[in-house]
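Mapping to my numbering: the sequence shown position 85 is 85, numbers consecutive. Positions of the beta carbon are idealized from the N, C-alpha and C atoms, including for glycine.
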Amino acid sequence: MKIIDLTHTISEDMPVYPGTEPPKLQTANTYEKDGFKETLLTMFSHTGTHMDPPAHIYAGRTTLDEFPITQFVGKGLVIDCTDLNEGQLITMDYINHVRDKADVAEFIIFYMGWDKHWGTDAYFGDYPYIDEEVTKYIIESNKKGVGLDVIGIDPISDGNLSIHHKLFAENEIVVIENLANLGQVGNEIFTFCALPLKYLSSDGSPIRAIAILEN
């Protein structure tokens, strides 16, 4: 068995969505004064590698703490889209190329190689994004989730979050953003685990995402 960490480290100088304050990691207790170390974490619920539920967009829809734990573990498939240039669309050609695997996968994860820009201004550029047909496929095939190694499933220029709205309107699905190290996973079905914090009425949460590959 091989386990790959797909999660960016949370730090005070990490990239955050434009307009969002970066996290704060404040030392609350020290070895010298208190005999132990404790850190006060202050961050938005969509910080770093994180997960969005339907309640992120729609009032009254499912929050992360309302999902069964089975929502966060399942068969994943990484789809390589690294040949795309800035602002280009991920079309059904990428799905159809691996359709037999895509149909059985519970999580579709798009690999743009964008994590190489993590920590730079380029990370907020015109990354590739999914088109309407791919969005429709994800909805109609009842996937547990869709993931990407960019800051959002919508293009950075779309303040209306159109793709979020379509995915979350009626489906019980999660969106995972800011994944890392997808190039290490390969193109076979693997076990994907993405566990959010369980806090009340959670509209989103940082996660620890991993890929479990069988030998």
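Nearest CA to the CA of G87: which residue from W114, M1 and P53?
The residue labelled residue 87 in the question sits at position 87 within the sequence shown. The shortest C-alpha separation from G87 is found at W114.
Write down the C-beta distance between G48 and P206 rounded to the nearest angstrom, noting that I regard them as a contact closer than 8 Å.
Against the sequence shown, residue 48 aligns to sequence position 48. Against the sequence shown, residue 206 aligns to sequence position 206. Indeed, because the Cβ distance is near 5 Å, the residues count as touching under 8 Å.
Mind listing, in chain order, the continuous alpha helix (DSSP H) runs of no fewer than 4 residues lying wholly within the segment 145 to 171?
Within the segment 145 to 171, the complete alpha helix (DSSP H) runs of at least 4 residues are 162 to 168.
In this structure, does DSSP put K198 in helix, strand or coil?
Against the sequence shown, residue 198 aligns to sequence position 198. Coil, per DSSP.
Quick one: give me the first and last residue of the alpha helix (DSSP H) that T135 is part of.
Position 135 of the sequence shown holds residue 135. Boundaries of the alpha helix (DSSP H) around T135: E132 to E140.
Determine the direct distance from the alpha carbon of Q71 to that of E172, and round the result to whole angstroms.
By one-based count along the sequence shown, residue 172 stands at place 172. By one-based count along the sequence shown, residue 71 stands at place 71. Take the alpha-carbon of E172 and the one of Q71: they are about 9 Å apart.
Where does E177 sit, in a helix, a strand or coil, going by DSSP?
Position 177 of the sequence shown holds residue 177. In the structure shown, the three-state DSSP call for E177 is strand.
Thinking F44 and E21 are a contact (beta carbons under 8 Å), I'd like their distance in whole angstroms, please.
Working through the sequence shown from its first residue, we reach residue 44 at position 44. Working through the sequence shown from its first residue, we reach residue 21 at position 21. Rounded, the Cβ-Cβ distance is 7 Å, consistent with contact.
Going straight from the alpha carbon of K24 to that of Y94, what length do you get?
Start at 1 with the first residue of the sequence shown, and residue 24 comes out as number 24. Start at 1 with the first residue of the sequence shown, and residue 94 comes out as number 94. Each residue's CA atom was taken as its position, placing K24 and Y94 some 39 Å apart.
Taking only runs of the alpha helix (DSSP H) that begin and end inside the segment 15 to 41, which ones reach a length of at least 4 residues, in chain order?
Here the runs fully enclosed are 31 to 34.
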